[in-house]
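Below is one structure, written out as structure tokens, with a few remarks after it.
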Amino acid sequence: MMQTLLLQFIQTLDRTMKGSPGKSEVDTGLMNLTLSQVQYLEAIAGQDQATITGISEILKVTKPSATTAVQKLIQQGYISKIQSDDDRRVFILQLTESGRRLAQAKKQALLNYEIFIRAALSPTELAEFETTLQKLVAFFEHHHSQEHTP
124 MMQTLLLQFI
134 QTLDRTMKGS
144 PGKSEVDTGL
154 MNLTLSQVQY
164 LEAIAGQDQA
174 TITGISEILK
184 VTKPSATTAV
194 QKLIQQGYIS
204 KIQSDDDRRV
214 FILQLTESGR
224 RLAQAKKQAL
234 LNYEIFIRAA
244 LSPTELAEFE
254 TTLQKLVAFF
264 EHHHSQEHTP
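Numbering (this note's numbering), first residue to last: 124 to 273.
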């Protein structure tokens with residue numbers, strides 16, 4: 124029962140967002156990225172002078188893993204790499220225009236999800252839903268950190 128409901132919930136949200144007015148190729152690009160790739164875009168967007176080292180620390184991945192992921196996003200046209208004027212060994216990562224549009228589309232999709240959820244729930248149900256989500260996130264983060272502890 125729980126698995127069926129979770130799947131229905133995810134599929135309904137997905138259909139709702141894919142069928143929303145103003146759908147563009149940018150939004151479609153967002154749907155084609157993995158969650159990991161979206162996290163890289165967010166991490167880069169959140170930094171003034173993003174570097175591979177900084178991004179690997181933020182995302183808690185190795186530098187070789189970050190390098191591979193960033194190279195793929197560069198090939199897809201979402202990130203550019205510019206050599207630092209201060210230290211020629213350092214490359215600054217920036218979102219391209221396509222990357223910025225994808226980051227904005229993701230923000231809009233999250234806002235749309237929130238609007239739909241708020242419309243479907245009473246204030247009491249919404250508070251319970253938020254509390255449940257907080258518990259789930261904390262549990263998943265704790266479980267994940269234990270799996271990756273040597």
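Using N, Cα and C, we set each Cβ at its ideal position, and we do this for glycine too.
Owing to the predicted nature of the structure, the values given are computational and were not obtained by experimental measurement.
Checklist entry - Distance, Cα to Cα, Ala-228 vs Phe-252? => result For this step, residue 228 is matched to residue 105 along the sequence shown. For this step, residue 252 is matched to residue 129 along the sequence shown. About 24 Å.
Next on the checklist: Which residue marks the beginning of the alpha helix (DSSP H) containing Lys-230, and which one marks its end?
Outcome noted: Position 107 of the sequence shown holds residue 230. Taken as a continuous stretch (DSSP letters only), the alpha helix (DSSP H) holding Lys-230 covers 220 to 243.
Next on the checklist: Can you tell me whether Tyr-236 is buried or exposed? The criterion is at least 16 other CB atoms within 10 Å of its CB, across all chains shown.
Outcome noted: Along the sequence shown, read from residue 1 onward, the residue named residue 236 stands at position 113. Under this definition Tyr-236 is an exposed residue.
Next on the checklist: Less than 8 Å between C-beta atoms, sequence neighbours within five positions excluded: which residues of the same chain meet that for Ile-197?
Outcome noted: Mapped onto the sequence shown, residue 197 falls at position 74. Ser-203 and Lys-204.
Checklist entry - Quick one: what's Leu-216 bridged to in DSSP? => result Position 93 of the sequence shown holds residue 216. Paired residue(s): Ala-173 and Lys-204.
Next on the checklist: Quick check: the Cα distance between Thr-176 and Lys-186, rounded to an integer number of angstroms?
Outcome noted: Here the question's residue 176 lines up with position 53 in the sequence shown. Here the question's residue 186 lines up with position 63 in the sequence shown. If I take the Cα positions, the gap works out to 6 Å.
Item to check | Cβ separation of Ile-215 and Thr-174, assumed to be a contact under 8 Å, to the nearest whole Å | outcome: Taking the first residue of the sequence shown as position 1, residue 215 is located at position 92. Taking the first residue of the sequence shown as position 1, residue 174 is located at position 51. Ile-215 to Thr-174, Cβ: 7 Å. Contact.
Checklist entry - Does the Cβ of Leu-164 have 16 or more other Cβ atoms within 10 Å, making it buried, or fewer, making it exposed? => result In the sequence shown, counting from the first residue as 1, residue 164 sits at position 41. Per the 10 Å Cβ criterion, buried.
Checklist entry - Near Gly-200, which residues of its chain fall below 7 Å by C-beta distance, leaving aside the five closest residues on each side in sequence? => result Working through the sequence shown from its first residue, we reach residue 200 at position 77. Within the same chain, Thr-219 and Ser-221 come within 7 Å of Gly-200 by CB-CB distance, once the 5 residues on both sides are set aside.
Item to check | Ala-189 and Ser-179 closer than 7 Å at C-beta | outcome: If you number the sequence shown from 1, residue 189 lands on position 66. If you number the sequence shown from 1, residue 179 lands on position 56. Yes, these two residues count as a Cβ contact at 7 Å.
Checklist entry - Within 10 angstroms of its Cβ, does Val-193 collect 16 or more other Cβ (buried), or is it exposed? => result Reading the sequence shown from its first residue, position 70 is the one you call residue 193. With 16 or more other Cβ atoms within 10 Å, it is buried.
Item to check | Ala-168 vs Ala-232 beta-carbon contact at 7 Å | outcome: Position 45 of the sequence shown, counted from the first residue, corresponds to residue 168. Position 109 of the sequence shown, counted from the first residue, corresponds to residue 232. No, they are not a contact pair.
Checklist entry - Quick one: is Gln-126 buried, meaning 16 or more other Cβ sit within 10 Å of its Cβ, or exposed? => result Here residue 126 refers to the residue found at position 3 of the sequence shown. Exposed.
Checklist entry - Skipping 5 residues on each side, what residues in its chain have a beta carbon closer than 7 Å to that of Phe-132? => result Start at 1 with the first residue of the sequence shown, and residue 132 comes out as number 9. Around Phe-132: no qualifying Cβ.
Checklist entry - Is DSSP giving Asp-137 helix, strand or coil here? => result One-based indexing of the sequence shown puts residue 137 at position 14. Residue state, collapsed to three classes: helix.
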